[in-house]
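Structure first, then comments.
2 protein chains.
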Amino acid sequence: MSLDRLSLNQITTRSWSLAEAVRGCAEAGVPAIGLWRDKVAEAGGGARAAKLVREAGLTVSSLCRGGFLTAADPAGRRAALEDNLRAIEEAATLGTDTLVLVVGGLPEGSRDLPGARARVAELIAELAPHAGAAGVRLAIEPLHPMFCADRAVVSTLGQALDLAEPHPAGQVGVVVDAYHVWWDPALPEQIARAGRGGRIAAYQVCDWTLPLPADALLGRGHVGDGHIDLRALTTLVAAAGHTGWIEVEIFNETIWAAPGHETLATVLARHHLLFPPASPHDR
Amino acid sequence: MSLDRLSLNQITTRSWSLAEAVRGCAEAGVPAIGLWRDKVAEAGGGARAAKLVREAGLTVSSLCRGGFLTAADPAGRRAALEDNLRAIEEAATLGTDTLVLVVGGLPEGSRDLPGARARVAELIAELAPHAGAAGVRLAIEPLHPMFCADRAVVSTLGQALDLAEPHPAGQVGVVVDAYHVWWDPALPEQIARAGRGGRIAAYQVCDWTLPLPADALLGRGHVGDGHIDLRALTTLVAAAGHTGWIEVEIFNETIWAAPGHETLATVLARHHLLFPPASPHDR
Numbered sequence: 001m002s003l004d005r006l007s008l009n010q011i012t013t014r015s016w017s018l019a020e021a022v023r024g025c026a027e028a029g030v031p032a033i034g035l036w037r038d039k040v041a042e043a044g045g046g047a048r049a050a051k052l053v054r055e056a057g058l059t060v061s062s063l064c065r066g067g068f069l070t071a072a073d074p075a076g077r078r079a080a081l082e083d084n085l086r087a088i089e090e091a092a093t094l095g096t097d098t099l100v101l102v103v104g105g106l107p108e109g110s111r112d113l114p115g116a117r118a119r120v121a122e123l124i125a126e127l128a129p130h131a132g133a134a135g136v137r138l139a140i141e142p143l144h145p146m147f148c149a150d151r152a153v154v155s156t157l158g159q160a161l162d163l164a165e166p167h168p169a170g171q172v173g174v175v176v177d178a179y180h181v182w183w184d185p186a187l188p189e190q191i192a193r194a195g196r197g198g199r200i201a202a203y204q205v206c207d208w209t210l211p212l213p214a215d216a217l218l219g220r221g222h223v224g225d226g227h228i229d230l231r232a233l234t235t236l237v238a239a240a241g242h243t244g245w246i247e248v249e250i251f252n253e254t255i256w257a258a259p260g261h262e263t264l265a266t267v268l269a270r271h272h273l274l275f276p277p278a279s280p281h282d283r
Numbered sequence: 284m285s286l287d288r289l290s291l292n293q294i295t296t297r298s299w300s301l302a303e304a305v306r307g308c309a310e311a312g313v314p315a316i317g318l319w320r321d322k323v324a325e326a327g328g329g330a331r332a333a334k335l336v337r338e339a340g341l342t343v344s345s346l347c348r349g350g351f352l353t354a355a356d357p358a359g360r361r362a363a364l365e366d367n368l369r370a371i372e373e374a375a376t377l378g379t380d381t382l383v384l385v386v387g388g389l390p391e392g393s394r395d396l397p398g399a400r401a402r403v404a405e406l407i408a409e410l411a412p413h414a415g416a417a418g419v420r421l422a423i424e425p426l427h428p429m430f431c432a433d434r435a436v437v438s439t440l441g442q443a444l445d446l447a448e449p450h451p452a453g454q455v456g457v458v459v460d461a462y463h464v465w466w467d468p469a470l471p472e473q474i475a476r477a478g479r480g481g482r483i484a485a486y487q488v489c490d491w492t493l494p495l496p497a498d499a500l501l502g503r504g505h506v507g508d509g510h511i512d513l514r515a516l517t518t519l520v521a522a523a524g525h526t527g528w529i530e531v532e533i534f535n536e537t538i539w540a541a542p543g544h545e546t547l548a549t550v551l552a553r554h555h556l557l558f559p560p561a562s563p564h565d566r
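Protein chains in written order, with this note's numbering: chain A, 1 to 283; chain B, 284 to 566.
See below:
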């Protein structure tokens, strides 16, 4: 199985520093890596991280993450705008065109979900031209509805597209993350819609495993270990025209406790499960 | 605050037997109760339970639950049909017109979500006329998407309505359960759609509290303790024409460990939070 579209989101090998993850990918033949801002900061900032990645011959598939746009007070709103402008700049420095946005949950004590959603739309409108000017695309990530209260009031791909479509496709796209969207009965038509509009900024995979742990954020499994038909999903995303990276992003304490090389080896070993079985003469 | 539309779903006071829950409701002035089949069985079956409820002057708002319709093998399918026919009969015996259906998750080892969903549609089509003949309505309950793999492949109100609408409104309706649907960006239009079609068979409330416990089934809170704008939701459901019961259904180990009378007192004390604040001259 060719690895030419595989990207390792570095959270998957969380115990690794950025330098270690870059080296691990290069040695394993993984051509791309998704970076996190905290790891970039630890590595000495965007310019140094970019140099590390470039010298290893890798591509940065995405930067995680901007967002958290739901603050209701002017100070919180201003802070969010400033932080996202910095994130846009950092993405540009790293040479990636994709800044993943986790939009944020309800502000402390608030039950006003429509209000929080409206503020996300407003701040994306403010940020989009800045992203475009920097050659970066805001990639709105719908999170699983179980994170609606505390992490992301954008809960479906259709809703993310509603937020993206008022803006040029080069400025605002969406993330299709298997873990967050696999359950959605509207998924096939929304993936097709995203493809028609050129809005698929990132495709991320991992599996839905049970039971959910106490911290539901950390319940994701390696491709093939859970309940998602990832082959069917990858086929849908490909049919929608996505030819870009397939980023493996796993949040899981047990996987994080394993040595990075072991985790990466499992990622590689499972990659073929995303594609139709090879016909005998392909072997 | 009038209690005239309040129903206690008996799972909320799980430590109580059916007889105790009936007595508790009657003493507290709660006019209706939602029953569970295991509790009905413990009470000696449908006829005896019906007599207990009737003698206390209560109404049975719903019976929980039928469903689990996703088996792929003929034996599993037959068993599901038979069990649901018994549940329909039990609902009729209890004098309720509402049988709540939790449709079931993916069969063991299967990742075929569209297949499971198609089987739900097929079995509902088989069951609907039997329900209608018994004067019982199948109430399809969309469960929160976090239960898609293991409990219910019906994850949104829109999807539940898609399943219900091929059948007469008297045979198949939907459950609007705040916990399961509150996050849905399409909720206002789907509730309006349900109302227009006369499809709201049950309205259930509780709150979304954080953090989620290890068993996500058991993370529900009393009205007012969490993140859902239950007043806004109740207003939407009322605007859609629902004048029926408001059933309080809470799954929570801590609440279950409390004495039934205490839990019921909290349910009563919170009920006013579902409605617009009274104007001064209503007091």
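Ideal Cβ positions, reconstructed from N, Cα and C, are used throughout, including at glycine. Computed from a predicted model, the values in this text were never measured in an experiment.
Out of curiosity, what's the CA-to-CA distance linking residue i and residue j?
| i | j | result |
| --- | --- | --- |
| L3 (chain A) | V30 (chain A) | 6 Å |
| E530 (chain B) | C148 (chain A) | 24 Å |
| G76 (chain A) | A128 (chain A) | 19 Å |
| L161 (chain A) | A169 (chain A) | 10 Å |
| A469 (chain B) | A302 (chain B) | 40 Å |
| D184 (chain A) | E338 (chain B) | 45 Å |
| A118 (chain A) | G340 (chain B) | 47 Å |
| R348 (chain B) | Q293 (chain B) | 12 Å |
| G329 (chain B) | H555 (chain B) | 32 Å |
| V550 (chain B) | L212 (chain A) | 29 Å |
| G67 (chain A) | D83 (chain A) | 9 Å |
| V53 (chain A) | W319 (chain B) | 59 Å |
| A309 (chain B) | S298 (chain B) | 17 Å |
| V188 (chain A) | Q159 (chain A) | Looking at the sequence provided, one finds Pro at residue 188 (chain A) rather than Val. Going by the C-alpha atoms only, they are around 14 Å apart. |
| R288 (chain B) | G480 (chain B) | 21 Å |
Who are the neighbours of residue i on chain B, taking C-beta pairs under 8 Å?
| i | result |
| --- | --- |
| I228 (chain A) | R394 |
| P213 (chain A) | A497 |
Residue i and residue j: beta carbons closer than 7 Å?
| i | j | result |
| --- | --- | --- |
| I228 (chain A) | W256 (chain A) | no |
| A152 (chain A) | G173 (chain A) | no |
| H242 (chain A) | I200 (chain A) | yes |
| Y486 (chain B) | V520 (chain B) | yes |
| G135 (chain A) | A87 (chain A) | no |
| T13 (chain A) | I250 (chain A) | no |
| A497 (chain B) | A214 (chain A) | yes |
| G221 (chain A) | T209 (chain A) | yes |
| L501 (chain B) | E536 (chain B) | yes |
| G24 (chain A) | L264 (chain A) | yes |
| S300 (chain B) | W528 (chain B) | no |
| G509 (chain B) | D490 (chain B) | yes |
| H130 (chain A) | L163 (chain A) | no |
| A475 (chain B) | A523 (chain B) | yes |
Taking Cβ-Cβ distances shorter than 7 Å, what residues in chain B pair up with residue i?
| i | result |
| --- | --- |
| T156 (chain A) | P468 |
| Q159 (chain A) | P468 |
| L106 (chain A) | H510 |
According to the neighbour-count rule (16 or more other Cβ atoms, all chains shown, within 10 Å of its Cβ), is residue i buried or exposed?
| i | result |
| --- | --- |
| E405 (chain B) | exposed |
| R270 (chain A) | buried |
| E424 (chain B) | buried |
| E391 (chain B) | exposed |
| E373 (chain B) | buried |
| R566 (chain B) | With a pLDDT of 43 at R566 (chain B), under the threshold of 50, the modelled position of this residue cannot be trusted; read the value that follows with caution. Counting Cβ neighbours within 10 Å, R566 (chain B) comes out exposed, since fewer than 16 surround it. |
| A50 (chain A) | buried |
| P277 (chain A) | exposed |
| A80 (chain A) | buried |
If the cut is a Cβ gap below 8 Å, which residues of chain A does residue i touch?
| i | result |
| --- | --- |
| P428 (chain B) | H144, P145, M146, W183 and D184 |
| L446 (chain B) | Within chain A, no residue comes near L446 (chain B); the closest Cβ sits about 10 Å away, beyond 8 Å. |
| L406 (chain B) | Those do not exist, as L406 (chain B) stays about 17 Å from chain A at its closest Cβ, beyond 8 Å. |
List the whole-angstrom C-beta distance separating residue i from residue j, where the pair is believed to meet the contact cut-off of C-beta under 8 Å.
| i | j | result |
| --- | --- | --- |
| T70 (chain A) | V120 (chain A) | 6 Å |
| G388 (chain B) | V343 (chain B) | Wrong, their Cβ atoms sit about 27 Å apart, outside the cutoff. |
| G132 (chain A) | Q190 (chain A) | At roughly 24 Å, the Cβ-Cβ gap does not stay under 8 Å, so G132 (chain A) and Q190 (chain A) are not in contact. |
| G260 (chain A) | A43 (chain A) | So it is not a contact: roughly 15 Å between Cβ atoms. |
| L346 (chain B) | V383 (chain B) | 7 Å |
| A178 (chain A) | V205 (chain A) | 5 Å |
| H144 (chain A) | P397 (chain B) | Going by Cβ atoms, the distance from H144 (chain A) to P397 (chain B) rounds to 19 Å, so no, they are not a contact pair. |
| D97 (chain A) | R137 (chain A) | 5 Å |
Name the chain B residues whose beta carbon is nearer than 9 Å to that of residue i?
| i | result |
| --- | --- |
| P166 (chain A) | Here the premise fails: no neighbours, minimum Cβ distance about 16 Å. |
For residue i, go through chain A and note every residue whose CB falls closer than 7 Å to its CB, in chain order.
| i | result |
| --- | --- |
| A354 (chain B) | Result: empty, since nearest Cβ-Cβ is about 16 Å, beyond 7 Å. |
| L493 (chain B) | A149 and D150 |
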